[in-house]
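S.K.:
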Amino acid sequence: MKNQSMRINKILVCCGPGCLSNDSLDIYEALKNKIESDKPYISIETTVKATGCHGFCEIGPLIKFLPLDFFYCNVKVSDVEEIYQKTIKNGEIIERLLYHDQNSNQKIKSPEEAGFYKGQKKIALRNVGEIDPLSIDDYMKRGGYKALKKALLKSTTEQIISEVEESGLRGRGGAGFPTGFKWRQCAQMQNFPKYIICNGDEGDPGAFMDRSILEGDPHSIIEGMVIGAYAVDSHSGFMYIRDEYFLAIKNMTKALEQARNYGYLGQDILGSGYDFDIQIVRGGGAFVCGESTALMASIEGRVGEPRAKYIRSVEKGLWDKPTVLNNVETWANIPVIINEGASRFKSIGTAQSPGTKVFSLVGKVKNTGLIEVPMGMTLRQIIYDIGGGIALNKKFKAVQTGGPSGGCIPEQLLDLKVDFDSLDKAGSMMGSGGMIVMDETTCMVDVAKYYLAFLSEESCGKCVPCREGIRRILVILEDICNGRAQDEDLDLLIEICETVQATALCGLGKTAPNPVITTIKYFKDEYIAHIRDKRCPAGVCKELTIYSIDKDKCKSCGLCAKNCPSSAIKQEQSKIFTIDQTKCTKCGACVDICNFHAVKIGGALACR
Amino acid sequence: MQIIIDKVKCEAKLGETLLTIARRNNIHIPTLCHSDALAGQGNCRMCMVEVSEGKTKKMVASCIYPVTKSIEVITNSETLTKMRKTLVMLLSARVPHNNTILKLRQEYNLPPVTRFKSDDEEECILCGLCTRACDEMGISAISTVNRGINKKVSTPFEEPSTVCIGCGACAHVCPTGAIKIEDIGEERIIWEKSFELLRCSNCGKPFITRVGFEYIKNKINTEIETVCENCRKDAITKKLRDIYGF
Ligand SMILES: Cc1cc2nc3c(=O)[nH]c(=O)nc-3n(C[C@H](O)[C@H](O)[C@H](O)COP(=O)(O)O)c2cc1C
Ligand code: SF4
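Read top to bottom, the protein sequences are chains A and B. Those letters in the first sequence? Residues 1 to 608, per this note's numbering, in order. Those letters in the second sequence? Residues 609 to 854, per this note's numbering, in order.
1. Residues of chain B with a CB under 9 Å from the CB of Arg312/A: which are they?
2. Report the option in Val303/A, Lys321/A, Glu305/A whose CA atom is closest to the CA atom of Ile311/A.
3. Kindly examine ligand 1 and report whether one of its heavy atoms sits closer than 6 Å to the Cβ of Phe454/A.
4. Taking 7 Å as the threshold (C-beta atoms), are Glu300/A and Lys462/A in contact?
5. Can you say whether Pro40/A is buried or exposed, counting buried as having 16 or more other CB atoms within 10 angstroms of its CB?
6. State the start and end residues of the unbroken alpha helix (DSSP H) segment that holds Gln714/B.
7. Using a threshold of 7 Å, state whether the C-beta atoms of Ile798/B and Gly774/B are closer than that.
8. Count Cβ pairs between the stretch 328-346 of chain A and the stretch 156-168 of chain A that sit closer than 8 Å; are there 3 or more?
9. Quick check on Pro335/A: does DSSP put it in helix, strand or coil?
10. Please report how far the alpha carbon of Asp614/B lies from the alpha carbon of Lys693/B, in whole angstroms.
11. Kindly indicate which three-state DSSP category Lys121/A falls into: helix, strand or coil?
12. By alpha-carbon positions, which one of Leu710/B, Asp727/B, Ile824/B ends up nearest to Pro720/B?
13. Should Gln649/B go down as buried or exposed, given a rule of 16 or more other Cβ atoms within 10 Å for buried?
14. For the beta strand (DSSP E) that contains Thr323/A, what are its first and last residues?
15. Name the chain B residues that come within less than 7 Å of Ala502/A, Cβ to Cβ?
16. Please decide whether Cys506/A counts as near chain B, where near means a Cβ-Cβ distance under 7 Å.
17. Would you say Gly623/B faces chain A, with C-beta separation under 7 Å as the test?
18. Taking 7 Å as the threshold (beta carbon to beta carbon), is Ser456/A in contact with chain B?
19. How about Arg648/A: is its C-beta nearer than 7 Å to some C-beta of chain B?
20. Classify Arg242/A as buried or exposed, calling it buried when 16 or more other Cβ atoms lie within 10 Å of its own Cβ.
21. Mind pulling the chain A residues with CB within less than 9 Å of Ala779/B?
22. Do you know offhand how far Leu318/A's Cα is from Lys194/A's?
23. So, does the CB of Cys732/B fall closer than 7 Å to a CB anywhere in chain A?
24. If you draw a straight line from the C-alpha of Glu495/A to the C-alpha of Pro410/A, how long is it?
25. List, in chain order, every chain A residue whose beta-carbon is nearer than 9 Å to that of Tyr673/B.
26. Going by the CB atoms, is the gap between Gly433/A and Phe345/A shorter than 7 Å?
27. Can you name the start and end residues of the alpha helix (DSSP H) that Ala669/B belongs to?
28. Tell me the rounded alpha-carbon separation between Glu609/A and Pro17/A.
29. So, is the C-beta of Glu468/A closer than 7 Å to a C-beta in chain B?
30. Give a yes or no on whether the minimum CB-CB distance between Lys711/B and chain A is below 7 Å.
31. Confirm the yes/no value for this check: CB of Phe177/A, any heavy atom of ligand 1, distance under 6 Å.
32. Using a Cβ-Cβ cutoff of less than 6 Å, which residues in the same chain neighbour Met609/A once the five nearest sequence positions on both sides are dropped?
33. From Tyr62/A to Lys34/A, what distance separates their C-alpha atoms?
34. Below 6 Å, is the gap between the Cβ of Gly407/A and the nearest heavy atom of ligand 1?
35. Given this structure, state the Cα-to-Cα distance separating Cys481/A from Ser459/A, to the nearest angstrom.
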């Protein structure tokens, strides 16, 4: 495939977390060296940029070529020479490196053609993957800091707050609290100093939404924060970033420095006479430290434990002063709202949840990665159109949204619109935007157990219902999975869950029972199978699973016996293979290896 | 301002907690982690009550909920009793042999908890009062360590504290008597550390640790007599009697 008219002037190498772990930085360096050392031979000017996450992590590292807008996937360092020779010098597209869309069985050139990118709408992620996060000029070329000028030089604080209120923007950190209203309440307080905080704790395991923005477009957050600070009359801001996010901290540090040098931050911003600065606080990384009051305690240097929020942070927050705390993604939305206006923003998404939401789509879907979609898109559209459906063409079972304390949503609710209120109603939540897809091989009791085990360690342990409740919920779930539970346990489980939900001190405890409550609600038969029949229908809970070989299907090939790591499979005299239950560790190797689907997974009565 | 608690009209000051108002009006709300001297914990959740404000109804911890407007409060609905029962059950599972919790369990007509394995030795419900008391003393010899279900109260690295003065404030505030304090002759043992006790110069009873006495003396920066609380009170009464002759 040759394209003579092709003039590449920009190459974007994704250096998001997923791609970085697959050597994308080496690829970037190699490409850069090639282009620079060979400059006299290249007639086109090319800039290679290390950008933030392109989102499509499943097929990373990704390289995008502009302005022609095609991309390569799964690139390796060893491909660099060929890319340079063929694509950069000769304008040839290397078929092998194009994305192969499994559903349409086609090679795809442009991101727009790939199902993964189709249906997406980028607001918060507008620059991520498109700009060099270390370059403020890149950010400005794409309209960056225009909103700040508009806000500081041409608007009153009332106009800014009204615009944000009017836009209907709701906090993207989980609770969906109206941002404009929060700002207005804080602006009305006559108690100084006031503080502005960006919540970049992102403690959900496996989540990387906020990280991608922090790493890939730090200026959008800074711009949002300065606008917010100006609106409520604060002069001091904090960027709370979890310690493991070293690249985010590095890029943010650089970005803050640049913003100060350009007069967008610090003293006398844009000559307006207004001062505001931001400092980075590195968070210890506890999940509970993402909770607003715990986060503030942590910034103050106290133990990161929540307090009751009967007095709101906008009144008494950091050091008991009026404080506005917003999530990374919330802040990144602000410049767009100020620039393009509330009505434009409101035209996207639903009436009650305007705008878009970033999700990390992971689990058993074909295309995993970071996505941003308009609110109100259905789960089915996200999972099947963007996610490409279930991996290995297995059957969908559930999708868990909202992080560790979100709920599991079953197949019958796949047409649920994804917005704050619909997810709540289904017993789950938006949370910060985790979305984990599960297929038929998942045991829902095991899933609930997994999340509660996480929460049992991440609860701060301060209040009785959360600490003691989660502990006992976990015991019951473990007993169910081991076949040691009784019928009454289900009622006890519900009783404890309801009490924890109603009486826990902070959001962690209040939401912790969600995985249990939703799995009981939507997958009760699985609980019953475990408790009464001592059987794990998905074949996940080892104590409740027996592997056996179906005589009728077995062709006596012996492949399973060869591959059994515990030598539990023997050939009887009758030539038929059988599994010695005393040796079997239920690893499932035989199930995977058998070409004739002859290994059966069944339930067993657990030994008491 | 007036609020209504269980149909009783109660006078309330702005910012006062519901618990304070209820107690003043002899309305009983159960608590475990509350102490008047160290208020504002909100950890045990036994004091949750229902607050109605117009159409909205919510459950709040009365020990920390500040009154800001006229509200109606219910302290003993069926839901609340059910929640408290579950909390007591969870606490009983944690400290099966503790007397305070045992009494509470009987009060709520609950059977012993057999469903869960418990630590027979455990007496602490992690209410947090002891570490608060120690902090207030300005010592901070004990603190909670670990998160979540592994949380516990401990001296640093579980070794005898180097800063503890053996004052016993922690044991004094503990609602379940979980902190062992042993006075034998002129020795006090607390948190696995031994202290010398000073005798009251009047009655001769051992009443304060030597380090504790020195600590207080230094803190208030004046000489004080080694006289125990009882004798000090007696002395004052005697003085009054001498003066007024009653
Ligand atoms: C246990 C727990 C963890 C949380 N973690 C985060 C987090 O990592 N990031 C975040 O922005 N918000 C988190 N939140 C929500 C915050 O408390 C708070 O609502 C949010 O940061 C407010 O910003 P927003 O209005 O822009 O969403 C968490 C809440 C709870 C209860
Ligand atoms: S609900 Fe859990 S995390 Fe929140 S304060 Fe209570 S113990 Fe801590």
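Just so it is clear, CB atoms sit at the ideal spot from N, CA and C, and this is done for glycine as well. This one's a predicted model, so the numbers in the text were calculated from it and none came from an experiment.
M.R.: On the basis of the data shown:
1. On the first sequence, position 312 is the one that residue 312/A refers to. Neighbours of Arg312/A on chain B: none; closest Cβ ~11 Å, over 9 Å.
2. Residue mapping note: residue 311/A aligns to position 311 of the first sequence, counting from 1. Of Val303/A, Lys321/A, Glu305/A, the residue nearest in Cα terms is Lys321/A.
3. Reading the first sequence from its first residue, position 454 is the one you call residue 454/A. It does not: the Cβ of Phe454/A is nowhere closer than 6 Å to a heavy atom of ligand 1.
4. The residue you call residue 462/A lines up with position 462 of the first sequence. The residue you call residue 300/A lines up with position 300 of the first sequence. It is not a contact, given that the beta carbons lie outside the stated cut-off.
5. Against the first sequence, residue 40/A aligns to sequence position 40. Per-residue confidence for Pro40/A stands at a pLDDT of 48, beneath the threshold of 50, marking its modelled position as unreliable; the derived number appears in the next sentence. Answer is exposed; the Cβ neighbour count stays below 16.
6. One-based indexing of the second sequence puts residue 714/B at position 106. That run of the alpha helix (DSSP H) goes 707-715.
7. Numbered from 1 along the second sequence, position 190 holds the residue referred to as residue 798/B. Numbered from 1 along the second sequence, position 166 holds the residue referred to as residue 774/B. Yes. Within cutoff.
8. Verdict: yes, contact present.
9. Counted from its first residue, the first sequence places residue 335/A at position 335. Reduced to three states, the DSSP call for Pro335/A is helix.
10. Residue numbering aside, residue 614/B sits at position 6 when the second sequence is read from its first letter. Residue numbering aside, residue 693/B sits at position 85 when the second sequence is read from its first letter. So the two alpha carbons sit approximately 20 Å from each other.
11. Residue mapping note: residue 121/A aligns to position 121 of the first sequence, counting from 1. Lys121/A sits in coil when the DSSP states are folded into three classes, being neither helix nor strand.
12. Sequence index remark: in the second sequence, residue 720/B carries index 112 (1-based). Nearest C-alpha to Pro720/B: Leu710/B.
13. Residue numbering aside, residue 649/B sits at position 41 when the second sequence is read from its first letter. Around the beta carbon of Gln649/B, a 10 Å sphere encloses 16 or more other beta carbons of the protein chains shown; the residue is thus reported as buried.
14. Here the question's residue 323/A lines up with position 323 in the first sequence. Its beta strand (DSSP E) spans residues 323-327.
15. Along the first sequence, one-based indexing puts residue 502/A at 502. Listed along the chain, the chain B residues whose CB falls inside 7 Å of the CB of Ala502/A are Met667, Met691.
16. Your numbering for residue 506/A matches position 506 in the first sequence. Chain B, which has no Cβ nearer than 7 Å to the Cβ of Cys506/A, makes this no.
17. Numbered from its first residue, the second sequence carries residue 623/B at position 15. No, Gly623/B does not count as interfacial toward chain A.
18. Counted from its first residue, the first sequence places residue 456/A at position 456. So yes, Ser456/A belongs to the interface.
19. It is not possible to answer for residue 648/A, since the shown part of chain A is limited to 1 through 608.
20. One-based indexing of the first sequence puts residue 242/A at position 242. A residue is called buried once 16 or more other Cβ atoms fall within 10 Å of its Cβ, and Arg242/A is buried on that count.
21. Here residue 779/B corresponds to residue number 171 of the second sequence, with the count starting at 1. Counting only Cβ-Cβ distances below 9 Å, Ala779/B has no contacts in chain A at all, with the closest Cβ about 21 Å away.
22. On the first sequence, position 318 is the one that residue 318/A refers to. On the first sequence, position 194 is the one that residue 194/A refers to. Using only the alpha carbons, I get a separation of about 8 Å.
23. The residue you call residue 732/B lines up with position 124 of the second sequence. Not one chain A Cβ lies under 7 Å of Cys732/B.
24. The residue given as residue 495/A occupies position 495 in the first sequence. The residue given as residue 410/A occupies position 410 in the first sequence. Going from the Cα of Glu495/A to the Cα of Pro410/A covers about 23 Å.
25. By one-based count along the second sequence, residue 673/B stands at place 65. Correct list: Ala308, Tyr310.
26. Counting from one through the first sequence, the residue named residue 345/A turns up at place 345. Counting from one through the first sequence, the residue named residue 433/A turns up at place 433. The beta carbons of Phe345/A and Gly433/A sit no closer together than 7 Å.
27. If you number the second sequence from 1, residue 669/B lands on position 61. According to the DSSP assignment, Ala669/B belongs to no alpha helix (DSSP H) but to the beta strand (DSSP E) extending over 664-669.
28. With chain A covering only 1 through 608, there is no way to say anything about residue 609/A.
29. Taking the first sequence and counting its residues from 1, one reaches residue 468/A at position 468. At least one CB of chain B lies nearer than 7 Å to the CB of Glu468/A.
30. The sequence position of residue 711/B within the second sequence is 103, counting from 1. Not a single CB atom of chain A sits nearer than 7 Å to the CB of Lys711/B.
31. Locating residue 177/A in the first sequence gives position 177, counting from the first residue. Checking every heavy atom of ligand 1 against the Cβ of Phe177/A, one is found closer than 6 Å.
32. What the structure shows of chain A is the stretch from 1 to 608, and residue 609/A is not part of that stretch, so it cannot be assessed.
33. Against the first sequence, residue 62/A aligns to sequence position 62. Against the first sequence, residue 34/A aligns to sequence position 34. It is Leu, not Tyr, that sits at residue 62/A in the sequence shown. Roughly 18 Å separates the two Cα atoms.
34. Working through the first sequence from its first residue, we reach residue 407/A at position 407. It does not: the Cβ of Gly407/A is nowhere closer than 6 Å to a heavy atom of ligand 1.
35. The sequence position of residue 481/A within the first sequence is 481, counting from 1. The sequence position of residue 459/A within the first sequence is 459, counting from 1. Each residue's alpha carbon lies about 23 Å from the other.
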